[in-house]
Each structure stands twice: as C-alpha cells, then as structure tokens.
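Visitor: Please see the structure below; I have some questions.
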Amino acid sequence: MLDGMAGVDRRTFLIGAAVAGAATTAAGTAHAATASFEHGVASGDPLPDGVLLWTRVVTSSPVAWEVAADEQFHRVVRRGTTHASAARDHTVKVEVHGLRPNTRYWYRFRVDDVVSPVGRTKTAGCETELRFGVVSCANWSVGHFAGYGFLAHEDLDAVIHLGDYIYEGFSTELRVPDPAHKCVTLDDYRRRHAQYKTDPHVQAVHAAHPFIATWDDHESADNSSSIGSPAHDPATDGPWGARLAAATQAYFEWMPVREGKLDRIFRFGELATLTMLDLRSYRTDTTILGAAQRDWLINTLTADRGRWQLVGNSVMISPFKIPPLPGLPPSNPDQWDGFPVDRELVLRSLGERRNTVFLTGDIHSSWACDVPLDGQSVATEYIVTSLTSDNFDELLKVPPRTGSLLLEAQIMALNPHAKFVELDSHGVSTLKVTADEVRMDWYYLADKKDPNTPVTRAHSWRTRHDTAHTEPVL
Ligand SMILES: [Fe+2]
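The sequence shown runs 79 to 552 under my numbering.
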C-alpha cells in the first residue's frame with residue numbers, strides 16, 4: 079500500500095493546491111488568502127500502522143494533508159483532505175492508517191497555497207529499545223518551556239505527557255495568560271489552549287515527536303474530580319458539570335489525542351505496553367479510577383504479557399507520609415493515598431509479576447520509589463518534576479538546594495520506599511526501555527525564567543527487569 083502512493087510527490091501536491099485554490103476562488107469562498115497555521119502542527123497516539131495528526135486553521139477551504147517517508151516529501155505515502163469548522167474551534171484531526179510500524183514519517187497541511195510547518199512523527203512498533211520524553215506541569219505564567227525545546231532535539235519514540243499541559247488559573251509572575259482571568263467557559267479554555275500552542279517550545283516539541291497525553295487536574299480546575307473541585311464555586315462559576323464539559327471539549331479539540339477516552343493502551347511490540355490512566359474523569363469521593371476503569375486496568379495488568387508494563391499515571395501511587403511541619407497535612411488525599419482501596423486492588427492484581435513501572439507527574443518534584451504492598455516492593459515509580467510549575471523552594475521562598483534539603487531527608491526517613499527525592503528543580507525526563515532495564519533520566523533547567531536556559535542531565539535511576547526495585551545509575 080505504501081509503495082503504491084510513493085509517486086505522489088511535492089509537485090503533485092502543489093498542483094493539487096492550485097486546483098483546490100481555483101475551485102475555492104470559483105466558489106467565491108472568503109478567508110482562504112489569510113489562512114495561517116499559527117498554532118503549529120502536532121501528532122499523537124501512535125499505533126503500529128498509523129498516527130493522529132493535528133493542526134488548527136481558520137478557513138472554509140478544504141484542508142489537505144500529506145504524510146511522507148522523507149523530510150523533502152519526495153515519497154508521499156498517504157494524503158487526503160478534511161475540513162476545519164468553528165464547531166471544533168477550527169482544529170483539525172486526521173487519523174492516518176496504512177503506515178509501517180516503528181517508522182519515522184513527516185507530515186504537513188495545506189489550505190490553498192498556504193502550507194503548514196512540517197511535522198515529524200513515528201509509528202509504534204516492535205523494537206529492542208524505546209526512548210520516551212516524560213513531562214508534566216507546564217505553567218505558562220511562571221516560566222518558559224525550554225524543557226520542551228530540549229526534548230524536541232532528542233531522539234525519542236514519543237513524548238508521554240502526564241498532565242497539567244495547561245493551567246486554568248490566572249497569575250502573572252512572568253507571562254500573562256489569556257484570557258486574563260481563570261478559565262470557566264468553553265471560550266476561556268479554548269483561548270488558554272490556543273495561547274499555549276503559540277509558544278515556540280511547545281510548537282517545536284509537537285512538530286518533532288508524537289505525544290501520548292493524559293490530563294490531570296489543571297486542564298479543568300485544581301484537584302478536580304467528576305463531582306467538583308475545591309477551586310470551583312458554583313455561586314460564581316456556575317454548575318461544575320458545565321465547566322468540566324467545557325474543559326473536556328477544549329482539551330479534545332486542541333490536543334493530539336483520539337476522541338472520547340484518555341484511559342487507553344499503547345503496545346510497543348513484545349517489549350512494552352503503555353497503559354495511560356484518566357484519574358480525573360471518573361473520580362468521586364471514594365474512587366480515583368471509577369469501577370469500569372479499575373476493572374479494565376486490573377484486566378490489563380493481569381493479562382498483558384509484554385516484557386514491561388508501563389503505566390502513565392498522573393498522580394503519585396506510592397504512599398507519601400508528609401513530615402509534620404506547620405501548615406502541612408499528614409498526607410495528600412488528592413493522590414492515590416486518598417484512595418487506598420483502589421490502590422490495593424491494582425497493586426494486588428500484579429500478583430508475582432515484578433515488571434510494572436508507574437510514570438507519574440503532578441507533584442512538581444523528582445522521585446524514584448519502590449512501590450510497597452504487604453512490606454514488599456511490587457513495582458517501581460518514577461516521578462518527573464514540573465516543567466515550570468512552582469515547587470517547594472519557590473513555595474517556601476528559599477533559595478534552591480537550601481531549605482528543601484532537610485525536608486528531603488525527613489521525607490526519605492518517613493517513607494523508606496522513596497529512594498530518591500529532589501524537591502527544587504524543574505525540567506523534563508527521558509525514559510529508556512530495553513529488555514534488561516527501564517531507566518529514567520532527569521534533565522534540569524538552569525533557570526526556568528530564561529527561554530534559552532541550559533538543560534542538563536542531573537540524575538539517573540533504573541529498574542532491572544523482574545526486580546521491582548529502583549537503583550541509582552552510577
Ligand atoms: Fe501541576
């Protein structure tokens with residue numbers, strides 16, 4: 079199938095553009111001349127035979143797309159036409175199939191004679207080695223997204239985004255969010271997503287790699303669940319259901335994810351299965367997963383025979399006893415600690431298997447943990463720090479690597495399953511997966527307020543296969 083399309087070259091694409099342009103002119107369609115791809119391009123949810131493409135363009139003309147096996151588009155392997163509409167805020171998603179597994183492709187869109195930036199993507203497949211970017215918690219207001227720019231230049235299979243891709247609130251420490259108030263309505267959330275996708279680092283990382291994303295709370299509201307948020311006041315913000323529906327609609331419009339469900343599975347041959355969780359949409363006071371997702375997750379973890387089971391998990395699953403400090407609660411019930419029944423059912427379902435690795439965000443700090451059950455470690459957990467969102471030194475208003483050091487020591491004393499804790503730095507991680515080990519590398523920003531800040535590797539921890547123990551890479 080691929081070879082049959084190989085003759086569709088750039089010239090054919092441009093001739094097609096001319097034909098489409100002529101048709102548009104003949105029909106008297108407006109706006110075509112001003113179409114622009116100012117929010118970049120993106121891809122996501124890679125499968126062995128395909129990937130999802132995304133862009134946004136305001137036009138009533140057809141939106142042409144093409145996928146090529148080379149960066150110059152000499153060997154176009156798939157192409158087609160779709161439309162943008164105001165009903166979806168002019169965002170476009172294209173489901174591409176018929177591609178080869180574990181293969182890089184390049185893609186672009188066109189409206190009349192306007193061609194989008196070129197994006198690069200990769201299908202999933204059977205490999206001997208995988209390397210992912212791992213990110214969470216990108217707050218526009220407090221920093222620049224140099225960590226995304228760093229990942230754009232790394233050799234990756236995909237970027238796993240664990241949530242807080244946007245922040246819905248309003249603050250102005252460094253950059254002013256749009257709209258200039260917290261997001262409540264559909265228009266608010268759309269504008270916030272749109273602003274994030276004008277950021278050059280955001281555009282660079284999306285154009286370089288497919289994303290595998292789930293959300294956390296700040297795509298809707300702080301510590302949200304299906305039944306509300308402590309940051310939501312129905313008296314001033316209206317019904318929670320309407321706000322959550324608005325946040326959900328904007329997310330699915332603006333993110334390169336398939337429609338409808340964020341709890342889903344990606345298979346990378348025999349080497350790894352990546353199970354992405356949605357810990358917000360089905361959450362109530364008594365369950366973090368909801369019954370259906372819990373059953374699905376347990377069935378997946380029980381039945382899967384991949385060498386590694388990776389779980390994309392927005393909030394920390396390891397127990398976290400918080401040191402007794404003034405103003406701090408003994409635990410954080412927004413994490414899995416608030417849902418011990420769900421946690422025990424999930425961890426017990428692992429049985430004798432020792433090849434599960436949880437990948438986590440949310441807590442704005444760096445951790446490597448053994449995940450305990452009945453006094454044994456049954457999995458490991460690697461927590462990526464925030465890209466920019468404030469962490470402990472900033473909240474305590476002390477210089478980095480000063481006041482946090484004592485707290486880190488107290489945390490590790492109270493939580494002996496936590497083998498590595500770093501509370502101050504911002505950045506991104508990469509995750510390398512081979513048959514023998516899963517390795518997390520933390521890369522830190524020198525200064526999150528500098529868009530060109532150096533990004534350097536700071537820590538590396540790994541899990542050897544069938545051990546469920548984390549250890550430092552020396
Ligand atoms: Fe966050």
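Where a beta carbon is used, it is the ideal one built from N, C-alpha and C, also for glycine.
Would you check if the distance between the CB atom of Glu116 and the CB atom of Thr276 is smaller than 8 Å?
Guide: yes
Visitor: Would you kindly report the start and end of the unbroken beta strand (DSSP E) that includes Val154?
Guide: Val154 to Thr160
Visitor: Per DSSP, what are the beta-bridge partners of Lys171 in this structure?
Guide: Trp132
Visitor: Just the Cα atoms here: how many angstroms apart are Leu355 and Gly306?
Guide: 19 Å
Visitor: Looking only at DSSP bridge pairs, what is Met354 linked to?
Guide: Arg342 and Gly390
Visitor: Gly241 and Trp293 - do their beta-carbons sit closer together than 8 Å?
Guide: yes
Visitor: Can you tell me whether Ser503 sits near ligand 1, meaning its C-beta is under 7 Å from at least one heavy atom of the ligand?
Guide: no
Visitor: Since Leu125 is in the alpha helix (DSSP H), which residue starts that stretch and which ends it?
Guide: Taken as a continuous stretch (DSSP letters only), Leu125 belongs to no alpha helix (DSSP H), being part of the beta strand (DSSP E) at Val119 to Leu125.
Visitor: Select from Lys399, Thr364, Asn410 and Thr463 the residue whose C-alpha is nearest the C-alpha of Asn493.
Guide: Among Lys399, Thr364, Asn410 and Thr463, the Cα nearest to that of Asn493 belongs to Lys399.
Visitor: Are the stretch 247-255 and the stretch 497-504 touching, with three or more C-beta to C-beta distances below 8 Å?
Guide: no
Visitor: Here's a check: name, in chain order, each residue in its chain whose Cβ is nearer than 7 Å to the Cβ of Pro532, leaving out the five neighbours to either side.
Guide: Closer than 7 Å at the Cβ level, and outside the excluded window around Pro532, lie Ala524.
Visitor: Quick check on this structure: which residue in Leu367, Ile395, Cys215 and Glu207 has the alpha carbon closest to the alpha carbon of Leu465?
Guide: Cys215
Visitor: Rounded to whole angstroms, what's the CA-CA distance from Phe210 to Ala236? Just pull it up for me.
Guide: 5 Å
Visitor: Do the stretch 324-332 and the stretch 263-274 meet, that is, are 3 or more Cβ pairs less than 8 Å apart?
Guide: yes
Visitor: Is Ser464 close to ligand 1? I mean its beta-carbon at under 7 Å from any heavy atom of the ligand.
Guide: yes
Visitor: Do the stretch 482-492 and the stretch 454-461 meet, that is, are 3 or more Cβ pairs less than 8 Å apart?
Guide: Contact annotation: the stretch 482-492 does not touch the stretch 454-461, with fewer than three C-beta pairs closer than 8 Å.
Visitor: Measuring CB to CB, does Arg188 end up less than 8 Å from Val196?
Guide: The Cβ atoms of Arg188 and Val196 do not sit closer than 8 Å to each other.
Visitor: Please confirm if the stretch 216-229 is in contact with the stretch 129-143, defined as three or more CB-CB distances below 8 Å between the two stretches.
Guide: no
Visitor: Restricting to Cα atoms, I'd like to know which of Ala513, Leu375 and Asp311 is closest to Arg342.
Guide: Leu375
Visitor: Going by the C-beta, is Ser467 closer than 7 Å to any heavy atom of ligand 1?
Guide: yes
Visitor: Since I believe Asp514 is in contact with His547 (beta carbons under 8 Å), could you give me their beta-carbon distance rounded to a whole number of angstroms?
Guide: Not quite, the Cβ-Cβ distance comes to about 14 Å (not below 8 Å), so this is no contact.
Visitor: Please list, in chain order, all residues of the same chain as Thr380 whose beta carbon is under 6 Å from its beta carbon, the five residues on each side excluded.
Guide: Ser427
Visitor: For Ala202, does the count of other Cβ atoms within 10 angstroms reach 16, so buried, or fall short, so exposed?
Guide: buried
Visitor: Beta-carbon within less than 6 Å of Leu425's beta-carbon, same chain only, minus the 5 sequence neighbours each way: which residues are those?
Guide: Leu451 and Val456
Visitor: Contact check, Asp300 vs Thr365 under 8 Å by CB: the rounded distance?
Guide: At roughly 20 Å, the Cβ-Cβ gap does not stay under 8 Å, so Asp300 and Thr365 are not in contact.
Visitor: Considering only the alpha carbon of each residue, which of Tyr274, Thr438 and Val262 lies closest to Pro255?
Guide: Tyr274
Visitor: Where does Glu149 land, buried or exposed, given buried means 16+ other C-beta within 10 angstroms?
Guide: exposed
Visitor: Counting C-beta neighbours from all protein chains within 10 Å, is the total for Ala324 16 or more, i.e. buried, or is it exposed?
Guide: Its Cβ being crowded by 16 or more others within 10 Å, Ala324 is buried.
Visitor: Compute the minimum distance between the beta carbon of Asp300 and the heavy atoms of ligand 1, and state whether it is under 7 Å.
Guide: no
Visitor: Do you know how far the Cα of Leu388 is from the Cα of Ser145?
Guide: For the record, residue 145 in the displayed sequence is Val; it is not Ser. Approximately 29 Å between the Cα atoms of the pair.
Visitor: Can you tell me which of the three DSSP states Pro278 falls into?
Guide: Residue state, collapsed to three classes: helix.
Visitor: Have a look at Glu297 and Glu251 and give me their C-alpha separation to the nearest angstrom.
Guide: 20 Å
Visitor: Is Leu349 buried or exposed, if buried means 16 or more other CB atoms sit within 10 Å of its CB?
Guide: It is buried - the Cβ of Leu349 has at least 16 other Cβ atoms within 10 Å.
Visitor: Residues in its own chain within less than 7 Å of Phe228 by CB, not counting five upstream and five downstream?
Guide: Contacts found: Val506, Tyr521 and Val533.
Visitor: Taking just the CA atoms, how far does Phe289 sit from Ala230?
Guide: Roughly 11 Å separates the two Cα atoms.
Visitor: Buried or exposed: where does Arg383 fall if 16 or more other Cβ atoms within 10 Å of its Cβ makes it buried?
Guide: exposed
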